[in-house]
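Using the numbering used here, the letters of the sequence shown map in sequence onto residues 5 to 159.
The beta-carbon is built from N, C-alpha and C at its ideal position, and this holds for glycine as well.
The structure appears below as structure tokens.
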Amino acid sequence: MDADELFLKGDELYEKGDFVGAFSAFMQAAKKGSTSCMTRVASMYTCGEGVNCDYDKAIEWELTAIEGGEITALVNLGISYRIKGDIRKAKHWFERAIESGDGSGALELAKLYMVSPKEKERTIEYLNLAIISSNMCEADIEEAQELLSELRGSI
Numbered sequence: 005m006d007a008d009e010l011f012l013k014g015d016e017l018y019e020k021g022d023f024v025g026a027f028s029a030f031m032q033a034a035k036k037g038s039t040s041c042m043t044r045v046a047s048m049y050t051c052g053e054g055v056n057c058d059y060d061k062a063i064e065w066e067l068t069a070i071e072g073g074e075i076t077a078l079v080n081l082g083i084s085y086r087i088k089g090d091i092r093k094a095k096h097w098f099e100r101a102i103e104s105g106d107g108s109g110a111l112e113l114a115k116l117y118m119v120s121p122k123e124k125e126r127t128i129e130y131l132n133l134a135i136i137s138s139n140m141c142e143a144d145i146e147e148a149q150e151l152l153s154e155l156r157g158s159i
């Protein structure tokens, strides 16, 4: 099977809840150079789906996907570093995501800054940036709007 067929097979298996089979298909395609499958492999490592949870392996696959031009891996890599507690690296990758046009990076940066009441204005700026981004899924836009509403209510 070529990488596209393996991706479709992996996606089908994933939807059926066969995470082990899905991981195997995505891994085969990732090794053939599919950056989409690299991000799926990384995500499955992050969530422990079909494989033991391993943030270091997730990071390796996210970096490989980024090297291959996969922009969506930028935010995922930032999230992986945030989970590991490396906020400096997380911030770096979220900023790279914003530079590449991915508004999800702005949403994730806003979440980082929300921990400090002193950063309320900066948080609002990032949430607004996320909301107006042309490269955001509806769920992320709604989350940014809800967070913005909460913040404005507390000013």
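For residue i and residue j, what's the separation of their Cα atoms in angstroms?
i, j, result
"L78", "E146", "21 Å"
"G52", "V45", "10 Å"
"L111", "L67", "21 Å"
"A148", "A94", "18 Å"
"E16", "E123", "43 Å"
"G157", "Y18", "40 Å"
"Q32", "E9", "11 Å"
"G25", "C41", "13 Å"
Which residue marks the beginning of the alpha helix (DSSP H) containing residue i, and which one marks its end?
i, result
"D161", "Since the first residue shown for the chain is 5 and the last is 159, residue 161 is missing from the structure and cannot be characterised."
"N56", "That residue, N56, is in no alpha helix (DSSP H); it is neither H nor E in DSSP."
"I128", "K124 to I136"
"E150", "E142 to G157"
"G201", "A question about residue 201 goes unanswered here, because the residues of the chain that appear run from 5 up to 159."
"S108", "S108 to Y117"
"V80", "Reading the sequence as shown, one finds Asn at residue 80 and not Val. That run of the alpha helix (DSSP H) goes T76 to K88."
"G14", "A7 to E19"
Between the beta-carbon of residue i and the beta-carbon of residue j, is there less than 7 Å?
i, j, result
"T43", "E74", "yes"
"F98", "G54", "no"
"N139", "G105", "yes"
"Y59", "K88", "yes"
"A7", "K36", "yes"
"S84", "I63", "yes"
"L155", "I136", "no"
"G72", "T39", "yes"
Give a yes or no on whether 7 Å exceeds the smallest Cβ distance from residue i to chain D.
i, result
"E154", "Absence of chain D from the displayed structure is noted, only one protein chain being present."
With burial defined as no fewer than 16 other Cβ atoms inside 10 Å of the residue's Cβ, what is the status of residue i: buried or exposed?
i, result
"S108", "buried"
"S47", "buried"
"G14", "buried"
"L113", "buried"
"L12", "exposed"
"A143", "exposed"
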